[in-house]
Amino acid sequence: MTGRLVRLAEASRPKVSFTFDGAVLTGLEGDTVLTAILAERGALRQAEFGPEQRSGFCLMGACQDCWIWQEDGVRLRACSTALQAGMRLRSAATDAWPATGDAP
Amino acid sequence: MTRVLIVGAGPAGIRAAQRLVAAGLHPVVVDEGTRAGGQIYRRPPEGLKRPPQTLYGSEANKAVALHGCFDSMLEAGQLSYHPRSSVVALEGQTAQVMGPQGVETIAYDKLILATGATDRLAPVPGWQSAGVYSLGATQIALKSQGVALGRRMVLAGSGPLLTLVASQLRKAGAQVVAVLDTAPLTTQAAGAFGMALARPRVTLRGAVMRAGLGRSYHAGVTLTRIVTDSTGPTAIHWQDARGRDHATPCDMVGLGWHLRAETHLTDLAGVSMAWDQVYHQWLPEADAMGRAAAGVYLAGDGMRILGADGAELAGKIAASACLQDLGMAAPDTGRALKELRRMQRFASAMQRAFPWPAQMVRALPADTVLCRCEGISVGDLRTTLSLSGPEANRAKSLSRVGMGRCQGRYCQLAGAEVLAAESGVPVDRIGRLRSQPPARPAPISAYLDKGPDARTK
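Respectively, the protein sequence lines represent chains A and B. So the first sequence is numbered by this note's numbering: it starts at 1 and just counts up by one. So the second sequence is numbered by this note's numbering: it starts at 1001 and just counts up by one.
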């Protein structure tokens, strides 16, 4: 699948691996979570109140369009969160909530 | 020592901090960014290395000076800095500050709000889709991440960002297939004279940039709809100034009509707000030096949208006002205030040149999504009117327009316009949405006491 974004500059930074909906993706050091996902995917998540997909809107932390999930149940704002190696991200909440004792 | 809290580390916040530090105070600066600079002088994350000339163009020297000013104060320990932190509530001279470690309470004696602005948006049918962004977002993506938000981009709206972002993208190698300006050439010509009188060099630079866009630029456009499939935009339909229909294939649309002052915290701080005819939005009331309520000072685009140069001046002026009120020696502001009035003349003329597209919003089809957060349509809001009457907060309660996660930042003005059109009252009479804390979504975990057994992430 091709991503929504086009890298125009500084594309030779070190690579960073993470997962999104179970698939292993590769971003670059210095990417936001939003940049890293949309470099390889068309959207961040499904809209809750309509049929369309969402991919962020304001990129400055004001619109709250880009909230996605982590596998441990914690959400993050993709436009203003730095990508870190090993992040396990999801476009939607997991079907199974972690049991209390399993919380990291 | 007197505790001064500055919210925002853009041009206004940094210059305010500089003046307070010079007077011997130790301000606390809270900012949502990872590195100080604000939006227009936003710095990319560590590890990205394009030079300032590439990032900021003609404004590179100003950006470097501003960043250097902040970094030197930080290194010298002259201020306390809370990056990646949002003030989520204000009450009784304390601020709830949400950062990476959770929420902490910071008490202050004086508060300087330099909260900046966001894009001012008008809905266009289809704008809720993935692949539609604000113009500010489009610029942030390029500047901070070196990416274009699409392969065939259309930028639409009006105001200085429209031309600037299009030029910056082209220069960086992106494909911008059309620049659609809803401002007709008649208003542009009327405003250009006042702009050129107040700031000839800035006006000329804009004109040159515009000329560089060539035939891709269209004035006096009416945006009809963004055609989307399940993945995003496939085309934008628009009418030119002579009423002819066009369809431009694209996979990305950037939208924006100037800026909207970010006034959420200003409102929570007890500052009065008033409808401003020129800026076509609610703005805080303050004296020329930014005094807005007891111990509350405003500076930058969050007070009056004058751009980065005006924000630097306003930051210094607000700090002087704060120092004066503390009975401390403050640098004279006579010249800065005169400069600021010149910026105001320029900004007012620019608002006339590139107006809010009121008629376009009033004529929106009923199935247009008005509230992007919760997918509420223009028709839903019109239907609410018979129950709510023409008042923004009642209409919000009944329709949820303005109650979503953006808290009305992107739908409030269009919502007011729709209610005004439907009820036949002036838009300012519809009223302003009252701001509620938290000013940003705050997870419950951010408020939990971090004891020894706390889950740490």
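Even glycine gets a Cβ: it sits at the ideal position worked out from N, Cα and C. Source: prediction; values computed, not measured.
Open item on the list: With the cut-off set at 8 Å, would you say residue 1273/B and residue 1429/B are in Cβ contact?
Closed with: By one-based count along the second sequence, residue 1273/B stands at place 273. By one-based count along the second sequence, residue 1429/B stands at place 429. Contact: no.
Task: Cutoff 8 Å: residue 1429/B Cβ touching any chain A Cβ - done: Position 429 of the second sequence, counted from the start, is the residue given in the question as residue 1429/B. It does not; no Cβ of chain A falls within 8 Å.
Task: Selected residue, minimal CA-CA separation from residue 1390/B, among 1404/B, 1360/B, 1421/B, 1367/B - done: In the second sequence, the residue the question calls residue 1390/B occupies position 390. The option with the nearest alpha carbon to residue 1390/B is 1421/B.
- [ ] Would you check if there are 3 or more beta carbon pairs closer than 8 Å linking the stretch 1132 to 1146 of chain B to the stretch 41 to 59 of chain A?
- [x] yes
- [ ] With a cut-off of 8 Å on the beta carbons, I'd call residue 1106/B and residue 1028/B a contact; round off their distance for me.
- [x] As a first step, residue 1106/B is located in the second sequence; it is residue number 106 there, counting from the start. As a first step, residue 1028/B is located in the second sequence; it is residue number 28 there, counting from the start. Yes, residue 1106/B and residue 1028/B are in contact; Cβ-Cβ is about 6 Å, under 8 Å.
- [ ] Look at residue 1447/B and residue 1103/B and say whether their C-beta atoms are less than 8 Å apart.
- [x] Taking the first residue of the second sequence as position 1, residue 1447/B is located at position 447. Taking the first residue of the second sequence as position 1, residue 1103/B is located at position 103. Cβ distance < 8 Å, so residue 1447/B and residue 1103/B count as in contact.
Task: Beta-ladder partner(s) of residue 1026/B, from DSSP - done: The count along the second sequence starts at 1 and reaches residue 1026/B at position 26. Note: residue 1026/B sits in no beta bridge, so no partner.
Task: DSSP-derived helix/strand/coil call for residue 1280/B - done: The residue given as residue 1280/B occupies position 280 in the second sequence. Residue 1280/B falls in the coil class under three-state DSSP.
TODO: Determine, using beta carbons only, whether residue 1123/B and residue 1414/B come nearer to each other than 8 Å.
DONE: By 1-based counting over the second sequence, the position of residue 1123/B is 123. By 1-based counting over the second sequence, the position of residue 1414/B is 414. Yes, they are a contact pair.
TODO: For residue 1250/B, collect the residues of the same chain with a Cβ closer than 8 Å to its Cβ; drop the 5 residues on either side in sequence, then sort them by chain order.
DONE: In the second sequence, counting from the first residue as 1, residue 1250/B sits at position 250. The residues are 1150, 1152, 1153, 1154, 1177, 1178, 1233, 1234, 1235, 1236.
Open item on the list: On a Cα-Cα basis, can you pick out the residue from 1290/B, 1378/B, 1088/B, 1074/B that is closest to residue 1017/B?
Closed with: Translated into the one-based positions of the second sequence, residue 1017/B becomes position 17. Closest option to residue 1017/B, Cα to Cα, is 1074/B.
- [ ] Pull up the distance between the alpha-carbon of residue 1437/B and that of residue 1301/B, whole angstroms please.
- [x] As a first step, residue 1437/B is located in the second sequence; it is residue number 437 there, counting from the start. As a first step, residue 1301/B is located in the second sequence; it is residue number 301 there, counting from the start. Rounded to the nearest angstrom, the two C-alpha atoms are 21 Å apart.
TODO: Determine the chain A residues that contact residue 1172/B at a beta-carbon separation under 8 Å, and present them in chain order.
DONE: As a first step, residue 1172/B is located in the second sequence; it is residue number 172 there, counting from the start. In chain order: 8, 9.
- [ ] Just the chain A side, please: which residues come within less than 7 Å of residue 1015/B by C-beta, in chain order?
- [x] Numbered from 1 along the second sequence, position 15 holds the residue referred to as residue 1015/B. The premise fails here: residue 1015/B is roughly 20 Å from chain A at the closest Cβ pair, so nothing lies under 7 Å.
Task: Environment of residue 1404/B [buried if 16+ CB atoms lie within 10 Å] - done: Numbered from 1 along the second sequence, position 404 holds the residue referred to as residue 1404/B. Buried is the call here.
TODO: Could you list the residues in the stretch 19 to 41 of chain A with a C-beta less than 9 Å from some C-beta on chain B, going in chain order?
DONE: 28, 29, 30, 31, 32, 34, 35, 38, 39
Open item on the list: Using the three-state DSSP reduction, which class does residue 1274/B fall into: helix, strand or coil?
Closed with: For this step, residue 1274/B is matched to residue 274 along the second sequence. If DSSP states are grouped into helix, strand and coil, residue 1274/B belongs with the strands.
- [ ] Output, in chain order, the set of chain B residues within a Cβ distance shorter than 8 Å of residue 61/A.
- [x] Here the question's residue 61/A lines up with position 61 in the first sequence. Within 8 Å Cβ-Cβ: 1032, 1086, 1440.
Task: residue 1290/B and residue 1321/B closer than 8 Å at C-beta - done: On the second sequence, residue 1290/B is found 290 positions in, with the first residue counted as 1. On the second sequence, residue 1321/B is found 321 positions in, with the first residue counted as 1. Contact flag set, yes.
Task: Residue range of the unbroken alpha helix (DSSP H) whose run includes residue 1350/B - done: As a working note, residue 1350/B is residue 350 in the second sequence. That run of the alpha helix (DSSP H) goes 1334 to 1353.
Task: Alpha carbon of residue 1053/B to alpha carbon of residue 1158/B, nearest angstrom - done: Walking along the second sequence from the start, residue 1053/B turns up at place 53. Walking along the second sequence from the start, residue 1158/B turns up at place 158. Roughly 26 Å separates the two Cα atoms.
Open item on the list: What does the alpha-carbon distance come out to for the pair residue 1063/B and residue 94/A?
Closed with: Position 63 of the second sequence, counting from 1, holds the residue named residue 1063/B. Position 94 of the first sequence, counting from 1, holds the residue named residue 94/A. Approximately 43 Å between the Cα atoms of the pair.
- [ ] Return the chain-ordered ranges of every alpha helix (DSSP H) run that is complete within the stretch 1382 to 1448 of chain B and spans a minimum of 4 residues.
- [x] 1392 to 1399, 1412 to 1423
- [ ] For residue 78/A, decide whether its Cβ has a neighbour in chain B, counting only Cβ atoms nearer than 8 Å.
- [x] As a first step, residue 78/A is located in the first sequence; it is residue number 78 there, counting from the start. No - not a single Cβ of chain B is within 8 Å of the one on residue 78/A.
- [ ] May I have a chain-ordered list of the beta strand (DSSP E) segments no shorter than 3 residues that lie completely inside the stretch 1131 to 1208 of chain B?
- [x] 1132 to 1134, 1153 to 1158, 1176 to 1181
Task: Which of helix, strand or coil DSSP assigns to residue 1104/B - done: Residue numbering aside, residue 1104/B sits at position 104 when the second sequence is read from its first letter. Three-state DSSP puts residue 1104/B in a strand.
TODO: Using a Cβ cut-off of 8 Å, pull out every chain A residue sitting near residue 1228/B, in sequence order please.
DONE: In the second sequence, counting from the first residue as 1, residue 1228/B sits at position 228. Chain A residues near residue 1228/B: 52.
Task: Nearest residue (CA-CA) to residue 1128/B, options 34/A, 38/A, 8/A, 43/A - done: Position 128 of the second sequence holds residue 1128/B. Here the closest residue by C-alpha is 43/A.
Open item on the list: Whether or not the stretch 78 to 94 of chain A and the stretch 20 to 40 of chain A are in contact is what I'm after, with contact meaning three or more pairs of Cβ atoms, one per stretch, closer than 8 Å; do they touch?
Closed with: yes
Open item on the list: Does the stretch 1160 to 1167 of chain B come into contact with the stretch 65 to 75 of chain A, if we say contact requires no fewer than three beta-carbon pairs (one atom in each stretch) closer than 8 Å?
Closed with: no
Open item on the list: With the cut-off set at 8 Å, would you say residue 1112/B and residue 1318/B are in Cβ contact?
Closed with: Numbered from its first residue, the second sequence carries residue 1112/B at position 112. Numbered from its first residue, the second sequence carries residue 1318/B at position 318. Yes. Within cutoff.
TODO: Flag this pair as yes or no: are the beta carbons of residue 1398/B and residue 1378/B separated by less than 8 Å?
DONE: Here the question's residue 1398/B lines up with position 398 in the second sequence. Here the question's residue 1378/B lines up with position 378 in the second sequence. Taking 8 Å as the Cβ cut-off, residue 1398/B and residue 1378/B do not qualify as a contacting pair.
Task: residue 1067/B versus residue 1037/B - alpha carbon distance - done: Your numbering for residue 1067/B matches position 67 in the second sequence. Your numbering for residue 1037/B matches position 37 in the second sequence. So the alpha carbons of these two residues sit roughly 6 Å apart.
TODO: Find the nearest neighbour of residue 1209/B within the set 1175/B, 1387/B, 1009/B, 1169/B, judged by alpha-carbon distance.
DONE: The residue you call residue 1209/B lines up with position 209 of the second sequence. Nearest option by C-alpha distance: 1169/B.
Task: Range covered by the beta strand (DSSP E) that runs through residue 1291/B - done: Numbered from 1 along the second sequence, position 291 holds the residue referred to as residue 1291/B. Taken as a continuous stretch (DSSP letters only), the beta strand (DSSP E) holding residue 1291/B covers 1291 to 1293.
Task: Spatially closest choice to residue 1009/B from 1282/B, 1083/B, 1076/B, by CA coordinates - done: Position 9 of the second sequence, counted from the first residue, corresponds to residue 1009/B. Of the candidates 1282/B, 1083/B, 1076/B, the one whose C-alpha sits nearest the C-alpha of residue 1009/B is 1083/B.
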